[in-house]
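A quick write-up on the structure given underneath.
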Amino acid sequence: LAAAAVTGRQDVLAELDPAATTPSVELLRTILRYAGGLPEARLAALRPLVRHLVDELTRQLATRLRPALTGTMLARPTRRPGGRLDLPGTLRANLATARRTADGTIQVIPEKPVFR
C-alpha cells in the first residue's frame, strides 16, 4: 500500500496502518503533498500515520548523526605518540632495563617505547 501511495494513489492513504508501514522520506513527502487538498475528517485519520513516520525517521536520523555530532569526549586530542613501533629504537632506549632470567636468556622490559 505504501508503494501505491508513493506513486500517487490518494485512495490508499486512509488504508495505511501506522505500525505496519516502513518509514521513508518519500512516503512522508507524498502524504504531506496530498494533505493540503483533503477534508478535515481524512486529515484526522492521517495524523497518527504522519506522527509515526516522523518519529521513526527522527529516531533513524538521530542514530546516524549522534556519533558525528558528539565527536570525542575529550576537549583536545591525545598527545600520546602513535604510529608504528620502532623496535630497534625501543631496544636501544631500554637497554638499561635488560635483565638476565633464570634460564640465562636476556629479557628487555620496554619502559620507554619509541615510535616512528
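Just so you know, the sequence shown maps onto residues 1 to 116 in UniProt numbering.
Ideal placement from N, C-alpha and C gives every residue a C-beta, glycine not left out.
Whose C-alpha, out of the options, is nearest the C-alpha of residue i?
i, options, result
"residue 109", "93, 102 and 103", "93"
"residue 60", "89, 111 and 22", "22"
"residue 53", "66, 82, 32 and 65", "32"
"residue 82", "95, 66, 62 and 114", "114"
"residue 29", "41, 40 and 49", "49"
"residue 24", "79, 58, 76 and 116", "58"
Short of 8 Å in beta carbon distance, which residues of its chain neighbour residue i, apart from the five on each side in sequence? Order them along the chain.
i, result
"residue 107", "98, 99, 100 and 101"
Taking the alpha helix (DSSP H) that residue i belongs to, which residues open and close that run?
i, result
"residue 108", "Taken as a continuous stretch (DSSP letters only), residue 108 belongs to no alpha helix (DSSP H), being part of the beta strand (DSSP E) at 106-108."
"residue 89", "87-93"
On the DSSP letters alone, give me the boundaries of the beta strand (DSSP E) that residue i sits inside.
i, result
"residue 99", "98-100"
Could you name the residues of the same chain whose beta carbon sits closer than 7 Å to that of residue i, not counting the 5 residues immediately before and after it, in chain order?
i, result
"residue 20", "none"
"residue 111", "94 and 97"
Assign residue i to one of two classes, buried (16 or more other C-beta atoms within 10 Å of its C-beta) or exposed (fewer than that).
i, result
"residue 69", "exposed"
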